[in-house]
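Residue numbers (our numbering): 1 to 98.
Ideal placement from N, C-alpha and C gives every residue a C-beta, glycine not left out.
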């Protein structure tokens, strides 16, 4: 079952991102929003972990949150809210890491 995983918490405050990455299946995707977009800050440890995870074409970030934090979207595809809705409809299940 294809799952879209959504994380909104900072990767520097807990281990949600690491836990999520351990559970990702090859057809799953990951959407970062809110403070989770700090994981995309080039040179950071979370960035290195995401880069090594091989999530090409399956890593997304809310464009609004990237812009608010001045984070480039080199590693993740930036999506707006309508695209987020489309993603949630594309996957069989959405798992929000609260």
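- Residue environment analysis places residue 28 among the buried positions, since at least 16 neighbouring C-beta atoms fall within 10 angstroms of its C-beta.
- Around the beta-carbon of residue 70, fewer than 16 other beta-carbon atoms lie within 10 Å, marking it exposed.
- When DSSP states are grouped into helix, strand and coil, residue 3 belongs to the strand group.
- Within the same chain, 40, 61, 63 and 66 come within 8 Å of residue 73 by CB-CB distance, once the 5 residues on both sides are set aside.
- Residue burial is scored here from C-beta neighbours: residue 46 has at least 16 other C-beta atoms within 10 angstroms and is therefore classed as buried.
- Residue ranges of uninterrupted beta strand (DSSP E) with 3 or more members, entirely inside the stretch 31-98 and ordered along the chain, are 59-62, 77-79 and 93-97.
- Contact between residue 77 and residue 1 is absent: CB atoms are separated by about 22 Å, not below the 8 Å threshold.
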